[in-house]
């Protein structure tokens, strides 16, 4: 480590990606005030900021910074890249939508970038207070974004629901952090780990503390039974934002959740976390997919399917350890591409945000918008875990991990849930390809940025499915550096 | 890896003919505005080139007893202790089915020129993609690669049934998809379990066919694993009671879809038993053989009786498929050489004769838009060439000596008798009689007798295009029937090798815990029937 000659000062350089994102966001807000004519390029500026952050992130040396508050490893770098990818998808798909809805203001990219900043910090944070501050930063920005379509009542409703539930859950996280600190005497994860290994503190209170923390991040992931907000928020919030909301916070929250579970189970006195995580995973997979089956609105359907996907994501944590990171990371990348891509298409294919996004309205679109429909089909197949798509490779790694660690029952439930999932993903393809067009879409035009995002997401999904080799080697290199 | 794949694609390899159709389908993406005529001709040209590639490959590998080849191995993904290799090869078991697939593709496209009236670009693309899936599943030597190809077949077939099918097409398409998916997901778990077991013994997971073949499981585990594989394959075959998707899919699918479904997709089920389920789990297969044979017999008799009750030509042919594949299953679980050869031949035979029957029914449907018996009668008087072809294909399907169906069924029955399955043989033979009953009934009601419906008087007889579509099938039916030896020859060594391993493992008994077979005499294991083609000694170099 290079800390020998480092003065006891703040390691600003280690925060460079976050600083760039915050700076670009502030710049956009200033431009919004003083040069509103540049509004049409705000998203472009934000995208450049994301690209710069991604480049800086790739250069970042590994190490602990800020006196052990945040860390930088190849692993956090890889997760951060997936968050930046989701940010890029959210920005690209927003341009056309915001213009169409006359909402093209600087606040959207600014809030999005601040939110991303919070997520990057969340991924890197190894100390409970830092984690909480980062969580609040991203949450507050998310509440604002959910309400961004200010003329639509559903958008405000979504934001209020999300805010009320989110605020409650933040208190869970805080209370959990306080309990853990009280029992172990440390807020840094490493310190907590040492204390747990030494057997300090009451096992019951530590368990309760971690349970509250896990509940908090389970809420952000949308795990059953903390999932109730997801369908309403997804349905009401602006679709391009949902493309972001449905993937980026999941990556950030999954990292913290995995850190916490791996940490607490490394202690000799850990409670039965395997059972707890398994219950959450099974409930999320089954209920998510079964509820999705009954949905007639595509955004609600994708919300429930997202709940199920977070259940799959949890399977490797049923046997927590260093090997759990691999499948989680691959799954999050695939999920970012396929779910982000699906929501990008939803935001283009449905003209009005207030109307019901009925799946039936997709009827026959394959013959009017062949490219968009093909991208949608690829995303759906991938979400269903059908080869040769990224979704299959990700599910395969999850199931392989489960079998390797003797969780055959979890794998079986996962497989049953996948089968249920296929039914509603196929329904979308059926609507697109096998029905005649019912309504004229009233002069809707696909915008090129959204189409670009959709094509990139679908192409990425297919490429990861057909040639996973290079991507997996990259992930592997991120993991061996641990 | 990309460079290696590119080399494979450009070389004279299996990979080339597997992926050629789907790569050739890519330009279709940009041709959505092209005229249907141009798309038809393009697709036909692609399929003929594909046939030529495979025919040349087959001819150059046919001579002698070792007509086998494999491509250089490429690492598809490597992740921790998981490794999946892209490894493909052809041996005497897969070669006949590969050839059948290649033959059916141009015929199906040609036969669909009139029947498919909308979205030809999509139809052609689906067919070509489907071909890649089928060929890939037939040549895969790595189980995960096999699984990927196996699933890849589902999507185009789902689209073919769902977009270009009959009135209840969506129901049929979804049912087809879900049934197949349900079976294959359990197979995926089985595959993962095997690969993990291999990893436990050697430290590295392996999905290679030849590696997994060395695994010996205790009987208890074998039964579970066999069940996981057998369910996937039994649904595909389909065996009673997993057959209910088949009549729906066949009846609703467009003609081309039905031909491919009957001709190749169902064969992948029986191929799966022969290639994977039986060699992997010999003791479990033997122990469960009475059940499988029982279900096969139910399929033979039940399929035949239900076919007898049909008044719709396409449904009749669909149910006859269940009966015919029951014979194949009976042959496979008789575990002897003549039965296996008969079963493999019968897979090809069924593809030819049922394919021809579906094409003929489709041609009739193009003219009259109905497939019901009572709409017809006396067709021999108005469209004699059609009637001639229908009689020919029907007789092949019935099993008339000197046509192909007879050879396959006869070998299966002899094999089953020799294998000690006497009662099963007797019951199966009754299936042959029943086949004659229902198929001749179809002939009687549609082409013989007086013309009862005036619309049938003015029908046009087969066009040149339709004759060209049917002729190759008819020639092959006759050729195989008269001179079957030539067609049995390539598969003999491969089947004998699988059987030798099976017998050796049965003699050794199942182990008490999971173990690896001792490296056997290289002359006896099936691995030895694969002769290195373009790569030096296959896997050893790349591991």
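Residue numbers (the working numbering), protein chains in the order written: chain A, 157 to 638; chain B, 10 to 552.
For each residue, glycine too, the CB sits at the ideal point set by N, CA and C.
For residue i, would you say it is in contact with chain A, using Cβ-to-Cβ distances shorter than 8 Å as the test?
| i | result |
| --- | --- |
| residue 186 (chain B) | yes |
| residue 202 (chain B) | yes |
| residue 143 (chain B) | no |
| residue 96 (chain B) | no |
| residue 536 (chain B) | The pLDDT assigned to residue 536 (chain B) is 39, lower than 50, so where the model puts this residue is not dependable, and the model offers no usable value. |
| residue 140 (chain B) | no |
| residue 198 (chain B) | yes |
| residue 523 (chain B) | no |
| residue 6 (chain B) | Because residue 6 (chain B) is not part of the residues shown, which for chain B are 10 to 552, the question remains open. |
Which residue's Cα is closest to the Cα of residue i: the options?
| i | options | result |
| --- | --- | --- |
| residue 53 (chain B) | B:36, B:119 and B:35 | B:119 |
| residue 622 (chain A) | B:158, B:336 and B:226 | B:158 |
| residue 639 (chain A) | A:467, A:212 and A:183 | Lying before the first or after the last residue shown, residue 639 (chain A) is absent from chain A, which here runs from 157 to 638. |
| residue 625 (chain A) | B:51, B:19 and B:94 | B:94 |
| residue 213 (chain A) | A:472, A:174, A:546 and A:222 | A:174 |
| residue 22 (chain B) | B:97, B:37 and B:321 | B:97 |
| residue 249 (chain B) | B:286, B:301 and B:274 | B:301 |
| residue 2 (chain B) | B:360, B:84, B:308 and B:494 | Past the boundaries of the shown model lies residue 2 (chain B); chain B is included only from 10 to 552, so the question cannot be answered. |
| residue 340 (chain A) | A:356, A:420 and A:331 | A:356 |
| residue 416 (chain B) | B:380, B:336, B:208 and B:17 | B:336 |
| residue 419 (chain B) | B:112, B:205 and B:490 | B:490 |
| residue 45 (chain B) | B:289, B:133 and B:101 | B:133 |
| residue 332 (chain B) | B:313, B:342 and B:219 | B:313 |
| residue 581 (chain A) | A:506, A:453, A:291 and A:332 | A:453 |
| residue 620 (chain A) | A:225, A:501 and A:541 | A:541 |
| residue 196 (chain B) | B:326, B:20 and B:282 | B:282 |
When burial is assigned at 16 or more other CB atoms within 10 Å of the CB, is residue i buried or exposed?
| i | result |
| --- | --- |
| residue 327 (chain A) | exposed |
| residue 383 (chain B) | exposed |
| residue 604 (chain B) | Shown here, chain B extends from 10 to 552; a query on residue 604 (chain B) therefore has no answer. |
| residue 176 (chain B) | exposed |
| residue 522 (chain B) | exposed |
| residue 127 (chain B) | exposed |
| residue 387 (chain A) | buried |
| residue 11 (chain B) | exposed |
| residue 340 (chain B) | buried |
| residue 73 (chain B) | Bear in mind that a pLDDT of 49 at residue 73 (chain B), under 50, signals an unreliable position, so the number given afterwards is only what the model happens to contain. Exposed, since its Cβ has fewer than 16 Cβ neighbours within 10 Å. |
Any Cβ of chain B within less than 8 Å of the Cβ of residue i?
| i | result |
| --- | --- |
| residue 612 (chain A) | no |
| residue 582 (chain A) | yes |
| residue 556 (chain A) | yes |
| residue 543 (chain A) | yes |
| residue 251 (chain A) | no |
| residue 482 (chain A) | yes |
| residue 579 (chain A) | yes |
| residue 567 (chain A) | yes |
| residue 537 (chain A) | yes |
Who are the neighbours of residue i on chain A, taking C-beta pairs under 9 Å?
| i | result |
| --- | --- |
| residue 87 (chain B) | 625, 628, 629 and 632 |
| residue 11 (chain B) | 623, 625 and 626 |
Measuring only between beta-carbons, confirm whether residue i sits less than 8 Å from chain D.
| i | result |
| --- | --- |
| residue 164 (chain B) | Of the chains in the structure shown, none is chain D; the protein chains are A and B. |
Looking at the ligand MN, does it come within less than 7 Å of residue i, judged from the CB to the closest heavy atom?
| i | result |
| --- | --- |
| residue 371 (chain B) | Ligands are entirely absent from the displayed structure, and the ligand MN is therefore not among its contents. |
If the cut is a Cβ gap below 8 Å, which residues of chain B does residue i touch?
| i | result |
| --- | --- |
| residue 553 (chain A) | 88 and 91 |
| residue 479 (chain A) | 89 |
Check the Cβ of residue i against every Cβ in chain A and list those closer than 7 Å, keeping chain order.
| i | result |
| --- | --- |
| residue 281 (chain B) | The premise fails here: residue 281 (chain B) is roughly 17 Å from chain A at the closest Cβ pair, so nothing lies under 7 Å. |
| residue 190 (chain B) | 575 and 578 |
| residue 194 (chain B) | 571, 574 and 575 |
Taking Cβ-Cβ distances shorter than 8 Å, what residues in chain A pair up with residue i?
| i | result |
| --- | --- |
| residue 171 (chain B) | 586, 589 and 590 |
| residue 179 (chain B) | 586 and 590 |
Under 7 Å Cβ-Cβ, which residues of chain B neighbour residue i?
| i | result |
| --- | --- |
| residue 559 (chain A) | 201, 202 and 205 |
| residue 169 (chain A) | Near residue 169 (chain A) there are no residues of chain B at all, since even the closest Cβ is about 32 Å away, more than 7 Å. |
Inset, instruction - Entirely within the stretch 443–488 of chain A and at least 4 residues each: give me those alpha helix (DSSP H) ranges in chain order. - result: Listed in chain order, they are 454–470.
Inset, instruction - Kindly provide the ranges of any alpha helix (DSSP H) runs that are 4 or more residues long and lie completely inside the stretch 184–264 of chain B, ordered along the chain. - result: Under the rule that a run must span 4 or more residues, the alpha helix (DSSP H) segments found entirely inside the stretch 184–264 of chain B read 218–222, 228–245 and 254–261.
Legend entry - In chain order, each beta strand (DSSP E) run of at least 3 residues that lies wholly inside the stretch 219–264 of chain A: The qualifying runs are 219–221 and 226–228.
Inset, instruction - Would you mind listing the alpha helix (DSSP H) stretches within the stretch 139–192 of chain B that are 4+ residues and don't spill past its ends, in chain order? - result: Taken in chain order, the complete alpha helix (DSSP H) segments of 4 or more residues contained in the stretch 139–192 of chain B are 152–161 and 163–173.
Legend entry - Secondary structure, alpha helix (DSSP H): runs of 4+ residues fully inside the stretch 543–573 of chain A: If we require 4 residues or more, the alpha helix (DSSP H) runs fully inside the stretch 543–573 of chain A come out as 546–560.
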